[in-house]
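Heads up: the structure comes next, in structure tokens.
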Amino acid sequence: MDFLNVNLAPVVKIRDKVMNNSILFNKIGNGKGIEGYSKWELASKINSQYLIAKEEVDEFFTAKENNDIVEMYDGAIDTFYTVPFLVQLLNEYEIRYDTEYDECDGYTLAELDILVMGGVDVLFEATELDLDILSEYADRVIENNMQKFTTSLDEFETWESEYIPTSKFVDGVTYYFFVDENLKVKKRDGFPKVEVEDLFNDAK
140 MDFLNVNLAP VVKIRDKVMN NSILFNKIGN GKGIEGYSKW ELASKINSQY LIAKEEVDEF
200 FTAKENNDIV EMYDGAIDTF YTVPFLVQLL NEYEIRYDTE YDECDGYTLA ELDILVMGGV
260 DVLFEATELD LDILSEYADR VIENNMQKFT TSLDEFETWE SEYIPTSKFV DGVTYYFFVD
320 ENLKVKKRDG FPKVEVEDLF NDAK
């Protein structure tokens, strides 16, 4: 790929809408934005987000190696969800404590830098995908993710799950959802899957 002649603007637009939803999703799930995290919460989130983001970047390049087109779209969107949020966490740490993050658990700072650059590589690689499909794929994933929350207590009382019911008050709105023992947002029973197969009918 000729990186110097790549027009990143269209794919960055898609990345940004996914990233913005990631920020909102995490804000609702945690009941506060990253600016409200304690130092321990920030460090813990960086450590866990590294592992999540690495898995998604690896997924994209595994799909590319296997020429698995559908999984490439999935990996790209998941990378857009996870790597930019990791970067936001790192930037918050650096701004707040006037130093680079140095409390990594199980990996080195060099590995963290490599992962962030891997996210940039996915951004460039995604320019070779059909951006209309990628944008629609992103919209469907965003809509699906937000269905893990409801602002209706009546609706929430009809939901069933083995996980812990909880609620968070964010930006003047109360959201109801389920979490596990680590406070990670979880799907309710019968949660709908993302329907994307029709996007690839012409490619089959």
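140 is the number of the first residue of the sequence shown in the numbering used here; add one for each residue after it.
Where a beta carbon is used, it is the ideal one built from N, C-alpha and C, also for glycine.
These numbers were taken from a predicted model, which means no experiment stands behind them.
Item	Value
Nearest to Ala-215 by alpha carbon, out of Thr-266, Asp-241 and Glu-299?	Thr-266
Just the Cα atoms here: how many angstroms apart are Cys-243 and Asn-186?	6 Å
Looking only at its own chain, which residues have a Cβ that is under 7 Å from the Cβ of Leu-292, when we skip the five neighbours before and after it?	Tyr-315
Considering Cα atoms alone, identify which of Glu-204, Val-324, Ile-208 and Glu-195 is closest to Tyr-220.	Glu-195
What do you get for Ile-167, buried or exposed, if any count of 16 or more other CB atoms within 10 angstroms of its CB means buried?	buried
Starting from Ile-173, trace the beta strand (DSSP E) in both directions and tell me its first and last residue.	Per DSSP, Ile-173 belongs to no beta strand (DSSP E) and is neither H nor E.
In whole angstroms, give me the CA-to-CA distance for Lys-343 and Glu-334.	Confidence at Lys-343 is low in this model, with a pLDDT of 46, below 50, so its placement is unreliable and the value that follows should be read with caution. Those two C-alpha atoms are separated by around 16 Å.
For Asp-319, collect the residues of the same chain with a Cβ closer than 8 Å to its Cβ; drop the 5 residues on either side in sequence, then sort them by chain order.	Tyr-302, Ile-303 and Lys-325
Which of the three DSSP states is assigned to Tyr-236 in this structure?	helix
Taking Ser-274 as part of the alpha helix (DSSP H), name the residues at either end of that continuous run.	270-285
Measure the alpha-carbon distance for Leu-338 versus Asp-271 and round it to whole angstroms.	10 Å
Thinking just about the alpha-carbon of each residue, which of Pro-223, Ala-182 and Asn-169 is nearest to the one in Asp-241?	Ala-182
Identify every residue that forms a DSSP beta bridge with Thr-218.	None; Thr-218 has no bridge partner.
So, under 8 Å CB-CB, Leu-163 and Leu-262 are touching, yes? Tell me the CB distance rounded to an integer number of Å.	Between Leu-262 and Leu-163 the Cβ distance is about 21 Å, and since that is not below 8 Å, they are no contact.
Among Val-222, Val-209 and Leu-228, whose alpha-carbon lies nearest the alpha-carbon of Trp-179?	Leu-228
Can the beta-carbon of Leu-306 be found less than 8 Å from the beta-carbon of Arg-327?	Strictly speaking, residue 306 in this sequence is Ser, with Leu absent from that position. Taking 8 Å as the Cβ cut-off, Ser-306 and Arg-327 do not qualify as a contacting pair.
Whose C-alpha, out of Leu-322, Phe-330, Tyr-276 and Glu-336, is nearest the C-alpha of Lys-156?	Tyr-276
Tell me where the beta strand (DSSP E) around Phe-339 begins and ends.	Phe-339 -> no beta strand (DSSP E), and no H or E assigned at all.
Roughly how many angstroms lie between the CA atoms of Asn-321 and Asn-169, to the nearest whole one?	11 Å
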